Structure formats: structure tokens, C-alpha cells
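Input: a single structure, listed below in C-alpha cells.
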Amino acid sequence: MDRIQEADANNTSQRSSSSVVALAIKGNKKSKYVVQWALNKFVPEGMIIFKLIHVHAGIKGVPTPMGNVIPLSQVRNDVATAFRKEVEWQTNQMLQPFKRMCEQRKVHVDVVVIESDDVAVAVAEEVAKSAITKLVVGASSRGIFKSKQKGMSAKISVTTPRFCTIYVISKGKLSIRPSDMPITGSIIDDGSETSLSSSRSSNYASTSQTESASVSSYAGLHSSSLATQRFQALSSINHALLSTTSSLIESNHSRGQSLDIGRENTATSSARNSDIDHALSRVSSCKSFLSDTESWIHDQNSVKDGPLATSLPSPNRQAKFNLELEKLRIELRHAQGLHAVAQSEKIEASRKLNDLSKRRSEETQKMKEIIAKEEKAKELVKQERDKYQDASREAAYLKECAEREASERKETELKAIRATKEKEKLEDALSGSMPQYRKFTWDEIVSATSSFSEDLRIGMGAYGIVYKCILYHTTVAVKVLNTNENRKSKQFQQELEILSRIHHPNLLLLLGACPDHGCLVYEYMEHGNLEERLLRKNNTSPIPWFERFRIAWEVASALAFLHSSKPEPIIHRDLKPANILLGRNLVSKIGDIGLSTMLHSDNLSTMYKDTGPVGTLSYIDPEYQRTGLISPKSDVYAFGMVILQLLTAKPAIALAHKVETAIDDGNLTNILDPEAGAWPFQETLELAQLGLSCAELRRRDRPDLQDHVLPTLERLKEVADRAQHSASTVTIKSKPPNHFICPILQDVMDDPCVAADGYTYDRKAIEKWLEENDKSPMTNMALPHKHLIPNYTLLSAILEWKSRES
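Position 719, counted from 1, in the sequence shown is what UniProt numbering calls 719; the numbers after and before it change by one each time, with no gaps.
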């Protein structure tokens, strides 16, 4: 627990001119009373300098919002520094009220903040270091100087040097532990007199008893035998001085040894040693004076039977003796303070030496580990070099065989795919369960997405976020559902059940999933979704009109496949351009079927009751919104809105009314998207009328998807295919696929290789890049190694494309 130690530090050298005052309190409401008492006590006496000492526990860790504490060794340096600054700011705020109280009384304040786990020892070291002779503390109960007391004030009293007088304020009452060497004469203040009177009523140490006895002896010099009493007092003082001097010499010797360990404090240590030597010289001179006095007393005793035996020493000699005795006490007190400082410095030097030894051992161990790792790395480099040479020889051989094996491989792959599908069907028929999907681990998902980096995020919907990444050298899209457990579980299981059970060329292909964390892995669609391409959000190229005719037919065929699914028809319920994805050659595929519903009947006219409508507002069936009844005609309404957006590239709000008005006014060409090229008027008009019929408000007025919509779209698709073929014959050379292009050269690769980041580059380009960089050119993240793996499958495809183009 933090405590505020406010101490009265009064150096011996400044005792006659100014004083330094301080208080020891806990920082509670009673602290202001303690500060006020000190100001009222010491300011009228001319003591206008205060020192506030605050001791708080050592910072060993950083707390977390959950109540835990993380050790400093496990947090970043900037976090530890910020936490220390926060602690310093809180300490300063806590001390502000006491500083203002002192400033209002025009008292100078010095603040000392100490970090220590032992408050009593920290205060004692500061008292010894600054030679503080007055220490004011607050306590919860009186009698802290008794042996049975175990509070913090009692611990401070025990550990504080004996030359310091301690004032204890408890419940409005004052207790004093006086110093063992009270000050007499004109230097004593009111507090010192109280301490002196208290010292006569209690015993603390043998030194205090000796000095009290000496004072009592001098008080009785004018009674009975003056020479005998003086001799007894001087003998006791001489004995105390000898013991103090020997302890000072020993402490000086040990302090000199400890200071030899750390040469950085040589100047400070020599200055303090000179102070101790000066004090010892004063002690020696005083001892010689005492010896002279003893000899004089002996002479007096030798002639006590003579005629001058009754004569007393002169008043000047008595005054000189008292003055020297007072100086001796001051020197001893100063020497005691220096001795305490030397002891603390010795302890600190020993601790630093132990830390240095420990650090040296740790560095030696680390050096051994580094050497071992270096040897291991050399061995790994040798192994990798051998592997590289073997791979180079194999690559040379495979390059010669690539052209010959290309056609054979393709035929073999087709046979393998057909065999795999037949095997899966047989296994499903035998097991009676739905087809299995590949399960990815959470570590694979996190590693592939670079811990879900924002740079890899390609989409975000109401139910999850989509990231682009590479898994097993294949570019995929990973969808992570939101953290709402109920909705997450329902939508996740819905997509798994449907996409793992059915497959269609125009349905988004599910590659795998991570069931434990709600992640779905799809095939990656290069051209994004239909909404972005129609509204030109990312400055994408426009879609020609014949491609739009084909996309309408593909979407309709996928919907018809879902509606005719066995044993239960499937209704998508959220069809819109944003959920229609475009892949290579603008092939469209329907995705995001987590909101789909499976009807428990083979009859497509059956309606299903759903009291919680879902989907996007402009594409929801009006009758579904009104009655809660859903059927395959609900998807037909949404498909009609998609057709109108394909024609106009406009938002869906009130779009049916705009197109209907344009047809009635004969202005259809004015509302069509001009970026799509020259629309064939008759076919476009027929497609617009089909879209309006699908978007009828009443379900019974909408055409049947299988019997009417698909035949019409197939006929329009044939017109679009002829137009596309005519346009393709004009093109001299086709554009290479995106995965044939090197990300660095932006050209078709001659020798594709897979780097450590999972991306494929041209060998010469990536080798030149790795000569100057250690990071990935795509992700800008550090590469774990610089080894390259030849991509023979991609090389075969590139060679086949080049031969076909030539």
C-alpha cells in the first residue's frame, strides 16, 4: 500500500540558521490534520522548508481490465513506460493538496518519491541519507513505541536512526520518540526539550543511558565531592566516545571496501570519507581534552588533603569543558548520520555487484545458445542447398517433359474427377449422410489471413467479414461469421448443409470450413460482386450488354436448380446483385445462402410460414412482407429486380416504376446503361418486360421460372452469344489469366515459383527482389525464409496458353 512519508530533515550544518520539516501520513482524510499540526508547530519557530517523502510499492507488473496483473517482462516497453507515467501522475495528484497547504503558509516544499516494497526501510534510508533529525508520522493508535505494536509507525520508529526525533500524531494526541543524543543549550527547541524529558523517563539504549548519566553528573558538580563526581562522569563519557569511535572506524573501513567495487561514486565517497575523518579528528581532540581533564582531576585528588583541597575549578574551565562536550555530541551525531549513509551505499553496491554477476551469467548462457543455433542454422543451410540442387535437376528434367505430358495430364485429371465424383456418390449412398467437406484448423485460417489483417479484407456483410488469402497454394475467400452465437450457429449450419450437399456451376463452391470458430472457405471470385460492377464503385470496367444477358440466364438456371432440389426444394430468400459474384470471364455464381429455407414438400406451389422476414428491403417479396408466407415465387420477385438493374445499372429503389414508365413513354433507351454498348432494342425490350413481370406485386401474376423465364432467357442468350463471338473475332490476342501474371513484373511468368508468403512470382523477378529485401512484395511482412518452390502445374498451364496463342 502506498504511503506518504513527510519528514522533517534538519542537517547539522544548517541547524543554527534554517530547518527542513516533513510529515509521515497515509494519504487519508486525517492527513490534512497532520499537515496542519506540523505547520502550526514548526512555522512559527522559523522552520519554513518542508520535505515530502512518498513511498510506493515497486512496479512489478501492469494491471489489466479483467483484474489480472501482467509481469513487466511480458509487456512491451512502451506499455510499461506508459503505466509508470500513469503511476507518477497519480502520485503527483495525491501530493498536490499537501503541497498547496504548505504554499499557502509560504513554506518551501521538496518532494521525494521512493519506489520500495518496504516503507519503513525506505524512510529510514532517506532519514540517514539526508541526516534528518525530526520525523513526523501519523498513526491509528497511541503507544507505537511499545514492543507489542506492529503497525507501520512502529516499524518506522524501530528502523529510523536513533539520532532522529520522531513525532507521532494519533487521534489528536502527540507521542515523541526522542533521539539518543539530545541537544542542549541554546540549540534545543521545544520539541527537543520534550524529547529530553521523555528520555529521562524511559530507557532505549546504552549510549542514551551513558549520556543521561553524564548530564546528571554535571548537574551535581556543586554538591559533595566535586572532583570525584567529575571524574566519574568523564570516565563514562570517555568509554562511550571510545566505543563510538571504534564503530566509526570500522564502518569507514567497510564503506571504503564497498565503494571500491563501484568506481563511479569515487568523488562522492571521498567527500563523505573526509567528513567522517574530520569527525574522528574532532573526537580524538576531545578525547585528548578529556585525558587532560582526568589528569587534572587526579592532581586535584592527590592534593585533596592539602590546603587547596577545597578549592573548586575556575568558571572559565567549567564553561570550556561544557562547550567541548556539546561540540563532541554534535560531531558524534553527524558521524552517526554519515555512518548510516555509508551502510546504505554498501548495501546498494553489493546489490549492483550481484546484479552484474547474474547478468554476466545470463549473457554467457545466451551466447552459448546463439552459437548452438548458428551451428544448427549452418546444418540447415547445407541441407537446403542439397535439396535445392536436387530440385534444380528435377526441374530441368520436368521442363523437358512438360509439353509432352500436358495433354495426358489433362485427360487423367478429368478421369480422376469423374471417378472421384462417382466414388463420393457411392459412399453417400452407402452411409446415408450428406457429403463431407474439408475441415481447416483455426491456426491455418489465422496464419493464412495474417491474423485477419485489414489489408486482406475484401468484403463485410451483416452476418460476417470476408478475407482473401491463400490456403495450400490456392487463392480462396474466407468468411468469418459474427459473434452472435444463436444466429452464427444457425447460419453456419445452414450454409454447410446446403453447399456441401448440392453443386451447380453457378452456385458458389464451398471448399471447406472451420466448424469450431464459424469460418467458411469458398472459391475466390476475381471480379467481386455484380453490384460493384454495375454501380462502378471501384472504378471497374463496365459489363457489355451481351455479358449481362448471359448473367441473367446463369442466375435463373441456378435458382431453378435450387427450387428443384431433392428431396426438399430450397428458397434463397436474399437474392440481390451484392450476392451474385463474378469470377474469371465474368462467370456469375450465387453466394450467401445462409438465409435459405428448405421446403418440406416436393410441390413448388407450397408456401412456408415465416413470422420473421429476412433479406434486403428492396428485394423482399411484398406478399411475404405482408403475410409472412414464402414460396419459390419470392425468389422470382428478387430476380426481376436483378434483371432491371442489369439493364439500367441503377439502385433498386422504385426501379420497377421507372422502367415501366419509360416503356410506356417509349423512352426505354434513355434509361438503359450507356456503358454496356449498343443494346439490341427488340431483345432488350423483351428482357425489360420479363423483369417487370417477375417483379409483379401479386405472387400469382409472376411467371413460372422453369416454364417461362428460362426458355425466354435461353433464346436471348443465343443472341448475346452471337454478338460476343462477333466481338471476339475482332480481338487479335486474348488477355492472359490473372494468375499467369507476375505481381512484380506485371507480365506473364516464364518460370513461376512459390515464395514463403504463398504467392507465385517469376523466378528472376523474385530473386532480384530478395537480394535487396527481406519482406514480401505483396503483404509487406517479413519472410520466414528465402527458398523458392517451382510451380510446375502453373508452368504447364502457361506453356499451353502460349502455344495456343501462337
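The beta-carbon is built from N, C-alpha and C at its ideal position, and this holds for glycine as well.
Computed from a predicted structure; not experimentally measured.
When only Cα atoms are considered, Thr-441 and Leu-471 end up about 11 Å apart. In the structure shown, the three-state DSSP call for Ile-570 is strand. Taking 8 Å as the upper bound for CB-CB distance, Leu-705 and Ala-688 are not in contact here, some 18 Å apart. According to the DSSP assignment, Thr-81 belongs to no beta strand (DSSP E) but to the alpha helix (DSSP H) extending over 77–104.
Secondary structure within the region 638–703: the alpha helix (DSSP H) runs of 4 or more consecutive residues, fully enclosed, are 655–664, 668–671, 681–694 (chain order). Ser-588 carries a strand assignment under DSSP once its states are collapsed to helix, strand and coil.
The beta carbon of Glu-444 sits closer than 7 Å to those of Leu-471, all from its chain and outside the five residues before and after it, given in chain order. For Pro-680, the CB contacts under 7 Å within the same chain, skipping 5 residues up- and downstream, are Val-719 in chain order. When beta bridges are read from the DSSP output, Cys-514 appears opposite Cys-519. With distances taken between CA atoms, Asp-673 lies nearest to Leu-644 out of Asp-701, Leu-644, Glu-683.
Residue state for Asn-738 is assigned as helix, using DSSP reduced to three classes. In the DSSP assignment, Val-446 falls outside any beta strand (DSSP E) and lies within the alpha helix (DSSP H) extending over 442–448. The Cβ atoms of Ile-156 and Val-113 do not sit closer than 9 Å to each other. Cα atoms of Ile-132 and Ser-179: separation of roughly 11 Å, rounded to the nearest angstrom. Sixteen is the threshold: when 16 or more other Cβ atoms of the shown chains lie within 10 Å of the Cβ of Cys-164, as they do, the residue is buried.
Secondary structure note for Thr-159: its alpha helix (DSSP H) is the uninterrupted segment 152–159. At a Cβ-Cβ threshold of 9 Å, Ser-726 and Ala-402 do not count as neighbours.
The DSSP-derived three-state label of His-108 is strand.
CA-CA distance, Glu-413 to Arg-393, rounds to 26 Å. Bounds of the beta strand (DSSP E) holding Arg-177 are 173–177. The criterion of a C-beta distance shorter than 9 Å is satisfied by Asp-574 and Tyr-619. By the Cβ rule, the region 559–579 counts as touching the region 626–637, because three or more pairs are nearer than 8 Å. Counting C-beta pairs closer than 8 Å gives three or more between the region 114–133 and the region 332–340, which meets the contact rule. Leu-692 sits away from Phe-639, with the two beta carbons spaced by 9 Å or more. Scanning Leu-710, Pro-790, Pro-567 for the CA closest to the CA of Ile-502 turns up Pro-567. DSSP, reduced to helix, strand and coil, places Ser-726 within a helical segment of the structure shown. Burial check for Ile-551: the Cβ neighbour count within 10 Å reaches 16 or more, so the residue is buried. In the three-state DSSP reduction, Lys-479 falls in the strand class (E or B). DSSP assignment within the region 747–779 yields the following whole alpha helix (DSSP H) runs of 4 residues or more, N-terminal first: 763–772. CA-CA distance, Ile-330 to Ala-340, rounds to 16 Å. Taking all protein chains in view, the Cβ of Thr-160 is crowded by 16 or more other Cβ atoms within 10 Å, so the residue is classified as buried. A Cβ-Cβ distance of about 5 Å is found for the pair Tyr-467 and Val-478, placing them in contact under the 8 Å criterion. When secondary structure is reduced to three states using DSSP, Arg-404 falls in the helix class. The continuous stretches of alpha helix (DSSP H) do not include Tyr-619, and DSSP gives it neither H nor E.
With a cutoff of 9 Å on beta-carbon distance, Gly-512 and Lys-421 are scored as not near each other. Distance from the CA atom of Val-709 to the CA atom of Thr-616, rounded to whole angstroms, is 23 Å.
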